[in-house]
Amino acid sequence: MTILSTRWQTNRLSIAVLLILAAGLILSLFFKERWLWMDEVSSYVLLSDPSLGHANKALVSGLEANPPLSMNVYWLLGHTISLSPMFLRSCSVLFFALTVAVFYRYITGLLGRPVATFVVLTAFVCLTYLNFTLAPQVRSYALFSLLHLLFFLNSHRLATAPTRLGWLLAEVVLGTAVVYTHNFGLLYVATMAAFFGCLLLWSRRWEYLRVLGALAAVGGIWLLGWFSNFQLQAQIGKPHSWIPLPTFLSFFRTVGELLPTLSANLEHKPYLQFLPVLRVAAMVLLILYLGLPRLRRGYANLVKDPAALFFMQASFVALGSTVLALGASFTVASVFLSRYMWPNHLLFGAVVIYAYHCFVRAGTVPAKMFLVTGYAALLVPFIVYQNRKTVLFPSAILPPLAKLNPQYPLFFESADYFLPVWYQHIRPNTYFLLDWPAALKSPTLSSTIDYGIIVSLRDIYHVPQVVRLPEFNSQRFPHFYVMDQHSHYQIEEFLETGQVRVVRTIPTGIEGHQILECTFTGVVPPPRVSQGPPPPSIHL
Numbered sequence: 283m284t285i286l287s288t289r290w291q292t293n294r295l296s297i298a299v300l301l302i303l304a305a306g307l308i309l310s311l312f313f314k315e316r317w318l319w320m321d322e323v324s325s326y327v328l329l330s331d332p333s334l335g336h337a338n339k340a341l342v343s344g345l346e347a348n349p350p351l352s353m354n355v356y357w358l359l360g361h362t363i364s365l366s367p368m369f370l371r372s373c374s375v376l377f378f379a380l381t382v383a384v385f386y387r388y389i390t391g392l393l394g395r396p397v398a399t400f401v402v403l404t405a406f407v408c409l410t411y412l413n414f415t416l417a418p419q420v421r422s423y424a425l426f427s428l429l430h431l432l433f434f435l436n437s438h439r440l441a442t443a444p445t446r447l448g449w450l451l452a453e454v455v456l457g458t459a460v461v462y463t464h465n466f467g468l469l470y471v472a473t474m475a476a477f478f479g480c481l482l483l484w485s486r487r488w489e490y491l492r493v494l495g496a497l498a499a500v501g502g503i504w505l506l507g508w509f510s511n512f513q514l515q516a517q518i519g520k521p522h523s524w525i526p527l528p529t530f531l532s533f534f535r536t537v538g539e540l541l542p543t544l545s546a547n548l549e550h551k552p553y554l555q556f557l558p559v560l561r562v563a564a565m566v567l568l569i570l571y572l573g574l575p576r577l578r579r580g581y582a583n584l585v586k587d588p589a590a591l592f593f594m595q596a597s598f599v600a601l602g603s604t605v606l607a608l609g610a611s612f613t614v615a616s617v618f619l620s621r622y623m624w625p626n627h628l629l630f631g632a633v634v635i636y637a638y639h640c641f642v643r644a645g646t647v648p649a650k651m652f653l654v655t656g657y658a659a660l661l662v663p664f665i666v667y668q669n670r671k672t673v674l675f676p677s678a679i680l681p682p683l684a685k686l687n688p689q690y691p692l693f694f695e696s697a698d699y700f701l702p703v704w705y706q707h708i709r710p711n712t713y714f715l716l717d718w719p720a721a722l723k724s725p726t727l728s729s730t731i732d733y734g735i736i737v738s739l740r741d742i743y744h745v746p747q748v749v750r751l752p753e754f755n756s757q758r759f760p761h762f763y764v765m766d767q768h769s770h771y772q773i774e775e776f777l778e779t780g781q782v783r784v785v786r787t788i789p790t791g792i793e794g795h796q797i798l799e800c801t802f803t804g805v806v807p808p809p810r811v812s813q814g815p816p817p818p819s820i821h822l
């Protein structure tokens, strides 16, 4: 195949990647539940703010735990075009589809064989369940993934030409965009700095100091421009992170979510929990098998082979950022979530594509265009089917709510339920009780972060459905319901002290959930003493 025909085929297939992913994911949005889940509601409260300046001030209050770039991009899209959830979710889908298309075009330019790369990449992407969970969300993840890819591709160019001024400036701009989109971007910039530090020590090319200087500038810009706000955001949810510390199995499950699987649900069964371990181990062994021989050939040979360098750089960043996230979780705050590490998905994809090109010679598998066309046509319904199954808001609670007397207030113990039900007007008369001592006693780690989010909602956006402890009394709520969750501790405090009694218990059919119909007893409450740090306070 000539160079021109390869480029022509690459251009066509990169557009095909964009259209297949965008069409499949956007189409699926019309065939699934459209409820926003808790984190999306937090985003929408900010995006619905008519004042961008006020939204940026509110950003550090606890409603959002990340820097401002993503919120500002979506705010401008929403107020310029439409605030419709379908539109903004479609924007996220387009960011994701564009990320994969740009990645395909770049890696095909390095490796050639556009048809084979197209098939391997789309199979890798479409069999990774996490993509269908994150791509349609009105959150920062899709934009973060796109910006990280652009940052990574620019870094790959700098690995062979570290003195190019234009690329060095682009490194500063793209790196800054990454760290201002998601706080996890700091770990990616640090990992990239470690990669160039290793190149410097290995090659003795002092030109790499310029790249390290550019990456240091990114850190400096974040430190001067956002660190003080980051400290404010970090106060929400103390005294602990809402993310559990990684265990042996949860480590492999989290990293395994970045890799393809035939069935994500099956892997949660006790007798199949070894499958994520096998997937992650296979990926690490593949990296070692392909990487060690290339390291032995020396720096001079590696830098002359852009494809091998791309593989080595992708492997280093994917594994390095995972190790950094693990270390940060045990020393600073737990951040070990697959959605934070989503950019690693395509880096692992680069490893698989490179391995395919190493193991399968060109011409071994016939590249019949009619077969490729048929395969591409089947991808769209497959994506629709896969994404239609992903539901983030736990809508199983809605049927029990519909049977309740709408005249009685309903209190939720978790923000996971309250925020979507309140914001989307699913049920009138819905409330959340701000009870800091109970949040500290709750066995669920997220109870304190729930408090921080909801207190921000009350103090900044003056939501009357958020009730402080002194307002929770028989005059305002003589008769009410509570969605009691066994995993949360809140109404139990009032039952134990005799302030509230249960009129009847209503089963929900959901494990660990029951609805309590309650009234106040008139018993004077004892003094409430918080055994822990003071609750977070918001000052704008």
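Those letters in the sequence shown? Residues 283 to 822, by my numbering. Here a beta-carbon is modelled for each residue, glycine too, at the ideal position from N, C-alpha and C.
Rounded distance between the beta-carbons of residue j and residue i, thought under 8 Å
i, j, result
"Trp317", "Gln706", "6 Å"
"Pro374", "Gln419", "A quick correction: the sequence has Ser, not Pro, at residue 374. Correct: roughly 6 Å between the Cβ atoms."
"Tyr388", "Pro444", "19 Å between Cβ atoms; not a contact."
"Ile569", "Ser603", "14 Å between Cβ atoms; not a contact."
"Ala383", "Ser296", "5 Å"
"Pro746", "Phe618", "Contact flag wrong, Cβ pair sits at about 37 Å."
"Ala379", "Leu300", "5 Å"
Pick from the options that is closest to residue i, judged by C-alpha positions
i, options, result
"Ser769", "Arg786, Ile742 and Ala720", "Ala720"
"Pro735", "Glu774, His761, Val460 and Leu715", "The residue asked about is misnamed: residue 735 is Ile in this sequence, not Pro. It is Leu715."
"Ile503", "Leu540, Leu482, Thr543 and Glu453", "Glu453"
"Leu629", "Cys640, Thr288, Leu431 and Asn354", "Leu431"
"Gly479", "Gly360, Leu469, Val471 and Leu494", "Leu494"
"Ile904", "Thr390, Asn293, Ser372 and Ser343", "Outside the displayed span of the chain (283 to 822) sits residue 904, for which this structure offers no information."
"Asn465", "Thr404, Lys650, Ala615 and Glu799", "Ala615"
"Tyr713", "Pro725, Asp698, Arg621 and Lys723", "Asp698"
"Ala424", "Arg294, Ser352 and Gly602", "Ser352"
"Pro521", "Thr730, Ile773 and Ile302", "Thr730"
"Glu539", "Tyr411, Ser310, Leu608 and Ala564", "Tyr411"
"Val455", "Leu416, Gly501 and Leu469", "Gly501"
"Arg740", "Gly507, Lys685, Val782 and Ser343", "Ser343"
"Thr288", "Val397, Glu799 and Gly656", "Val397"
"Gly507", "Val749, His795 and Pro350", "Pro350"
"Thr415", "Ala459, Gly457, Asp321 and Gly656", "Asp321"
"His361", "Trp524, Ile665 and Pro332", "Pro332"
"His795", "Gln767, Leu482 and Ala563", "Gln767"
Bridge partner(s) assigned by DSSP for residue i
i, result
"Leu715", "Val749"
"Leu692", "Thr712 and Tyr763"
"Arg786", "Glu799"
Residue range of the unbroken alpha helix (DSSP H) whose run includes residue i
i, result
"Tyr763", "Here Tyr763 belongs to no alpha helix (DSSP H); instead the beta strand (DSSP E) covers His761 to Gln767."
"Arg387", "Pro367 to Leu393"
"Phe612", "Pro588 to Thr613"
"Ile635", "Asn626 to Phe641"
"Ser729", "Ser728 to Tyr743"
"Arg535", "Phe530 to Gly538"
"Arg561", "Phe556 to Arg578"
"Phe652", "Met651 to Lys671"
"Leu345", "Here Leu345 belongs to no alpha helix (DSSP H), and DSSP marks it neither H nor E."
"Tyr622", "That residue, Tyr622, is in no alpha helix (DSSP H); it is neither H nor E in DSSP."
"Gly360", "Leu351 to Thr362"
"Asn436", "Tyr423 to Thr442"
"Trp488", "Trp488 -> no alpha helix (DSSP H), and no H or E assigned at all."
"Gly448", "Leu447 to Val461"
"Asn338", "Leu334 to Ala340"
"Ser324", "Met320 to Leu329"
"Ile773", "Ile773 to Glu778"
"Val703", "Ala697 to Tyr705"
"Pro682", "Leu680 to Ala684"
CB contact flag (residue i, residue j, <7 Å)
i, j, result
"Gly780", "Thr803", "yes"
"Leu409", "Pro588", "no"
"Ala590", "Arg578", "no"
"Leu505", "Ala475", "no"
"Asp732", "Ser677", "no"
"Ser427", "Pro552", "no"
"Arg709", "Leu674", "no"
"Arg670", "Lys339", "no"
"Leu554", "Leu560", "no"
"Gln595", "His438", "yes"
"Val662", "Gly306", "yes"
"Glu774", "Arg786", "no"
"Trp686", "Tyr763", "The displayed chain sequence assigns Leu, not Trp, to residue 686. Yes, Cβ-Cβ distance for Leu686 and Tyr763 is below 7 Å."
"Phe433", "Gly448", "no"
Near the ligand COA: residue i beta-carbon under 6 Å from a heavy atom
i, result
"Tyr743", "Looking for the ligand COA in the displayed structure turns up nothing, as the structure carries no ligands at all."
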